[in-house]
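Enquirer: This is the structure, below, for whatever I ask next.
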Amino acid sequence: MTAPRVVRVASGQGFWGDWLDAPRRQVTGGPVDYLMLDYLAEVTMSILQKQKERDPSLGYARDFLGAVESVLPAVTGRGVRVVANAGGVNPQACAAAVRALPGGKEAGPALRIGVVLGDDLLPRLDELIAAGHPLANMETGEPLATVRDRVLSANAYLGSAPIVEALAGGANIVITGRSTDTALTMAPLRHEFGWAADDYNRLAAGIVAGHIIECGAQCSGGNCLYDWRDIPDLGEVGYPIVEASADGTFVVTKHPGTGGRVSTQSVAEQLVYEMGDPHAYITPDVIADFTTIRLAADGADRVRVYGIEGRPATPSLKVSIAYRAGYKAVGTLVYAWPDAFDKAQLADRVLRERLDRLGLRFDRILTEFVGAGATHGALAGPPSEDLPEVQLRVGVRGNSRADVERFTREIAPLVLNGPPSVTGFAGGRPKVEEVVAYWPALIDKRVVQPSVTFQ
Amino acid sequence: MRVRLLDIAHARSGDKGDTANVGILALRPEWYEVLAQYVTRDRVAAHFSGLITGDVVRFELPNLGALNFLLHGALDGGGTLSLKTDAQGKVVSTALLRMVIDVPDDLAARLHLPPAPGLQSATRR
Numbered sequence: 000m001t002a003p004r005v006v007r008v009a010s011g012q013g014f015w016g017d018w019l020d021a022p023r024r025q026v027t028g029g030p031v032d033y034l035m036l037d038y039l040a041e042v043t044m045s046i047l048q049k050q051k052e053r054d055p056s057l058g059y060a061r062d063f064l065g066a067v068e069s070v071l072p073a074v075t076g077r078g079v080r081v082v083a084n085a086g087g088v089n090p091q092a093c094a095a096a097v098r099a100l101p102g103g104k105e106a107g108p109a110l111r112i113g114v115v116l117g118d119d120l121l122p123r124l125d126e127l128i129a130a131g132h133p134l135a136n137m138e139t140g141e142p143l144a145t146v147r148d149r150v151l152s153a154n155a156y157l158g159s160a161p162i163v164e165a166l167a168g169g170a171n172i173v174i175t176g177r178s179t180d181t182a183l184t185m186a187p188l189r190h191e192f193g194w195a196a197d198d199y200n201r202l203a204a205g206i207v208a209g210h211i212i213e214c215g216a217q218c219s220g221g222n223c224l225y226d227w228r229d230i231p232d233l234g235e236v237g238y239p240i241v242e243a244s245a246d247g248t249f250v251v252t253k254h255p256g257t258g259g260r261v262s263t264q265s266v267a268e269q270l271v272y273e274m275g276d277p278h279a280y281i282t283p284d285v286i287a288d289f290t291t292i293r294l295a296a297d298g299a300d301r302v303r304v305y306g307i308e309g310r311p312a313t314p315s316l317k318v319s320i321a322y323r324a325g326y327k328a329v330g331t332l333v334y335a336w337p338d339a340f341d342k343a344q345l346a347d348r349v350l351r352e353r354l355d356r357l358g359l360r361f362d363r364i365l366t367e368f369v370g371a372g373a374t375h376g377a378l379a380g381p382p383s384e385d386l387p388e389v390q391l392r393v394g395v396r397g398n399s400r401a402d403v404e405r406f407t408r409e410i411a412p413l414v415l416n417g418p419p420s421v422t423g424f425a426g427g428r429p430k431v432e433e434v435v436a437y438w439p440a441l442i443d444k445r446v447v448q449p450s451v452t453f454q
Numbered sequence: 000m001r002v003r004l005l006d007i008a009h010a011r012s013g014d015k016g017d018t019a020n021v022g023i024l025a026l027r028p029e030w031y032e033v034l035a036q037y038v039t040r041d042r043v044a045a046h047f048s049g050l051i052t053g054d055v056v057r058f059e060l061p062n063l064g065a066l067n068f069l070l071h072g073a074l075d076g077g078g079t080l081s082l083k084t085d086a087q088g089k090v091v092s093t094a095l096l097r098m099v100i101d102v103p104d105d106l107a108a109r110l111h112l113p114p115a116p117g118l119q120s121a122t123r124r
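Next comes the structure, spelled out in structure tokens:
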């Protein structure tokens, strides 16, 4: 009897800026069939859109090029396939850049890049609004027309279908724009096992597998509160791998000899992360019911996941829209013992008095005392009277760039003309940042047509 | 007996817009019933009173020994609008674990719950 077939999907990147070594370690540390790389957070698309406006050949996650270089021998030599949403707002330029890598040129036809298109709704926004799609903000209900002239990017979250199509077409690297993070894991499983579009329980299982590994090592020992002191060797943390079977059950594990830990607790912590309503984890492919997930320890650094149920998806896709929303800056100074907290509070009063006198207008001004309850507020109780130091942290946000700029000039003077025992200003004047805010909306699935091209 | 959530649960939190998503998980399977019974929506809303501007929504996951809470209006506008150090709600998790609940002594004894440190003689609210 032959062992049941298992498909291994390895997570090599949980966000843009994650550990550069992780993709290579995943393809060299043991057997894997797919390498899944997630680069896109909610506001990443708008950053990429700004880059594309400055240079039409940009607009994708450039870290991806280094990742591809580091795993190319495994892709062309051993048949490991890569699925990544690194394309951002310019997946075709991303594919061209991969092809232009030294290894990409050398590989020739051994490298087939599938590119998923169709998520970018920016060129179609006015047409869509005119056709009766209000793209109302899911949190506030306001129609997009309110901020239309400030929109920077608008992308529908695509599901697994176009990625499956690219894999079926022989791609060994699939580059998408705004796909759901979970589809990057589910699509390879759907492709390998031939799961039908109405096989809801298995599709939901693939989505849960994706949710568990989409944040990289956050399910294999990183940022794990349970038993954190005894989680071994985070310096060599092993990124997670899903070993899936055709019936939709899977094991979460990591390569032998790596650090971190995969346990029912580390996996459960990741399951509740940004989960929302556990009865209805909505994706373009399926609605997964997280209250059906069962976990069981299955040996060292192995957790078996089973029992998952799903049901038909909604008729909508989520749209991620980014718009310009003013400017902000954050200034900090550090006050030392004795009476560190009192000094920081006095400095805040002096600063606010000066801002008032200047007549600066902000939508929001927020003072926090880091070390004296900035993160837990009153729940932390009154600060100790003997704190060694307190960081004063003042943030402002408003529509006037000039007013925010003027605020940044009011921090350093406090060093010489405010309360004593102050330091920590070596970083210089605070930086003024443009605020790009997030506008989540829904759109009728039927108006979004994903497509796949090969390069 | 008074019991601190930190001693019977672990937790992870994150954001969805201006909402903090906080999941807490029983450290032992048999302790889930304590979470389910005593960590109520109202109790959590009172715990975060003054720190959030919106509603609290609570979900039960007996399959994971977990509860999931949505704390609306917890993140000063959320995302890039927020000026908070914890704009993404990453440490709201341990803020919830500060909560102290009252558990009947017989239940606490049966489940071997650890008593909250230094709080047994404190005045009950």
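Residue numbers (numbering that gives the first Met the number 0), protein chains in the order written: chain X, 0 to 454; chain L, 0 to 124. Ideal Cβ positions, reconstructed from N, Cα and C, are used throughout, including at glycine. A quick note: this is a predicted structure, and the numbers were derived from the prediction, not measured.
Taking 8 Å as the CB-CB limit, is VAL99/L close to chain X?
Expert: Not one chain X Cβ lies under 8 Å of VAL99/L.
Enquirer: What does the Cβ neighbour count give for THR122/L, buried or exposed, with the cut at 16 atoms within 10 Å?
Expert: Note that THR122/L scores a pLDDT of 45, beneath 50, so its modelled location is shaky; the value from the coordinates is reported in the next line. Under this definition THR122/L is an exposed residue.
Enquirer: Tell me the DSSP bridge mates of HIS9/L?
Expert: DSSP output for HIS9/L lists LEU24/L as bridge partner(s).
Enquirer: Assuming LEU350/X and VAL421/X are in contact, meaning their beta carbons sit under 8 Å apart, how far apart are those beta carbons, in whole angstroms?
Expert: About 12 Å; that fails the 8 Å criterion.
Enquirer: Kindly list, in the order they appear in chain L, the residues whose Cβ is closer than 7 Å to that of LYS327/X.
Expert: What LYS327/X touches in chain L: LEU82.
Enquirer: With burial defined as no fewer than 16 other Cβ atoms inside 10 Å of the residue's Cβ, what is the status of LEU112/L: buried or exposed?
Expert: Flag for LEU112/L reads buried.
Enquirer: Could you tell me which chain X residues have their CB closer than 8 Å to the CB of ASP75/L, listed as they occur along the chain?
Expert: Those within 8 Å of ASP75/L in chain X are ARG363 and LEU365.
Enquirer: Taking Cβ positions only, does GLY49/L come closer than 8 Å to chain X?
Expert: Answer yes: the Cβ-Cβ gap between GLY49/L and chain X drops below 8 Å somewhere.
Enquirer: Mapping the DSSP letters down to three states, classify TRP438/X as helix, strand or coil.
Expert: TRP438/X: strand per DSSP, three-state reduction.
Enquirer: Considering just the uninterrupted stretch of the alpha helix (DSSP H) at ARG40/L, what are its terminal residues?
Expert: Segment 40-46, the alpha helix (DSSP H) holding ARG40/L.
Enquirer: How would you call GLY158/X, buried or exposed, if buried means at least 16 neighbouring beta carbons within 10 angstroms?
Expert: Buried, by the Cβ-count rule.
Enquirer: Let me know the secondary structure DSSP gives SER120/L once reduced to three states.
Expert: Because the pLDDT of SER120/L is 48, which lies under 50, any placement of that residue in the model is unreliable, and the question is left without a value.
Enquirer: Identify, in the order they occur along the chain, each residue of the same chain with its Cβ nearer than 6 Å to the Cβ of VAL173/X, setting aside the five sequence neighbours on each side.
Expert: For VAL173/X, where only same-chain residues beyond five positions count, the Cβ hits under 6 Å are VAL82, GLY113, ILE162 and ALA165.
Enquirer: Do you know whose CA, among ALA73/X, ARG260/X, ARG98/X and ASN200/X, lies nearest THR290/X's CA?
Expert: With distances taken between Cα atoms, THR290/X lies closest to ASN200/X.
Enquirer: Shorter than 8 Å from the beta carbon of THR52/L to some beta carbon of chain X?
Expert: Output row for THR52/L: interface = no.
Enquirer: Evaluate the contact criterion for the stretch 290-303 of chain X versus the stretch 259-273 of chain X: three or more CB pairs, one atom per stretch, below 8 Å.
Expert: The stretch 290-303 of chain X vs the stretch 259-273 of chain X: in contact.
Enquirer: Taking 8 Å as the CB-CB limit, is ALA373/X close to chain L?
Expert: Taking Cβ atoms only, chain L reaches closer than 8 Å to ALA373/X, which makes this a yes.
Enquirer: By the criterion of Cβ-Cβ separation under 9 Å, what are the contact partners of GLN264/X in chain L?
Expert: The contacting residues are HIS9, LEU24 and LEU26.
Enquirer: If we count the other Cβ atoms within 10 Å of its Cβ and call it buried at 16 or more, is GLU235/X buried or exposed?
Expert: It is exposed - the Cβ of GLU235/X has fewer than 16 other Cβ atoms within 10 Å.
Enquirer: When the cut-off is 8 Å and only beta carbons count, does PHE249/X lie next to chain B?
Expert: The structure shown has no chain B; the protein chains it does contain are X and L.
Enquirer: Would you mind telling me which residues of chain L sit closer than 9 Å to GLY220/X, beta carbon to beta carbon, in chain order?
Expert: Residues of chain L passing the Cβ test: none, with the nearest at roughly 13 Å.
Enquirer: Where does ASN416/X land, buried or exposed, given buried means 16+ other C-beta within 10 angstroms?
Expert: Classification for ASN416/X: exposed.
Enquirer: Could you name the residues of chain X that VAL131/L contacts, counting a contact when the two beta carbons are closer than 9 Å?
Expert: In the structure displayed, chain L extends from 0 to 124; residue 131/L sits before or after that span and is not available.
Enquirer: Rank PRO418/X, PRO419/X and ARG392/X by C-alpha distance to the C-alpha of ASP406/X and give the top, closest one.
Expert: Looking at the sequence itself, residue 406/X is Phe, so the reference to Asp does not match. Of the listed residues, the one whose Cα sits closest to PHE406/X is ARG392/X.
Enquirer: Can you tell me the Cα-Cα spacing of SER120/L and ALA25/L, whole angstroms?
Expert: Reliability of the predicted coordinates at SER120/L is poor, the pLDDT of 48 falling under 50, and the value obtained from them is presented with this limitation in mind. Answer to the nearest angstrom: the Cα atoms are 25 Å apart.
Enquirer: Count the C-beta pairs between the stretch 138-145 of chain X and the stretch 424-436 of chain X that are closer than 8 Å, then say yes if the count reaches three, no if not.
Expert: Contact between the stretch 138-145 of chain X and the stretch 424-436 of chain X is absent, because fewer than three Cβ pairs lie under 8 Å.
Enquirer: May I have the straight-line CA-CA distance separating GLY13/X from ALA377/X, to the nearest angstrom?
Expert: Roughly 33 Å separates the two Cα atoms.
Enquirer: Using the Cα positions of ASP402/X and PRO133/X, report the straight-line distance between them to the nearest angstrom.
Expert: Computed Cα separation, rounded: 33 Å.
Enquirer: Closer than 9 Å between beta carbons: that is the criterion. Which residues of the stretch 95-110 of chain X meet it against chain L?
Expert: Cβ contacts with chain L: none found.
Enquirer: In chain L, what lies closer than 8 Å to LEU224/X by C-beta?
Expert: Result: HIS9, ALA10, ARG11, SER92 and THR93.
Enquirer: Assign ARG124/L to one of two classes, buried (16 or more other C-beta atoms within 10 Å of its C-beta) or exposed (fewer than that).
Expert: The predicted model places ARG124/L with a pLDDT of 40, which falls under 50 and marks its position as unreliable; any figure quoted below should be read in that light. Per the 10 Å Cβ criterion, exposed.
Enquirer: Look up THR366/X in the DSSP assignment and say whether it is helix, strand or coil.
Expert: THR366/X: strand per DSSP, three-state reduction.
Enquirer: Along the stretch 264-281 of chain X, what residues have a CB closer than 8 Å to any CB found in chain L?
Expert: The stretch 264-281 of chain X vs chain L, Cβ under 8 Å: GLN264, ALA267, GLU268, GLN269, LEU270, VAL271, TYR272, GLU273, MET274, GLY275, ASP276, PRO277 and HIS278.
Enquirer: Does the CB of GLY113/X have a neighbour CB from chain L at under 8 Å?
Expert: Judged by the 8 Å Cβ criterion, GLY113/X is not in contact with chain L.
Enquirer: Would GLY88/L pass as a contact of ASP14/L if the rule is Cβ separation under 8 Å?
Expert: Yes, the Cβ-Cβ distance between GLY88/L and ASP14/L is below 8 Å.
Enquirer: Roughly how many angstroms lie between the CA atoms of THR79/L and ALA129/X, to the nearest whole one?
Expert: One C-alpha to the other measures close to 29 Å.
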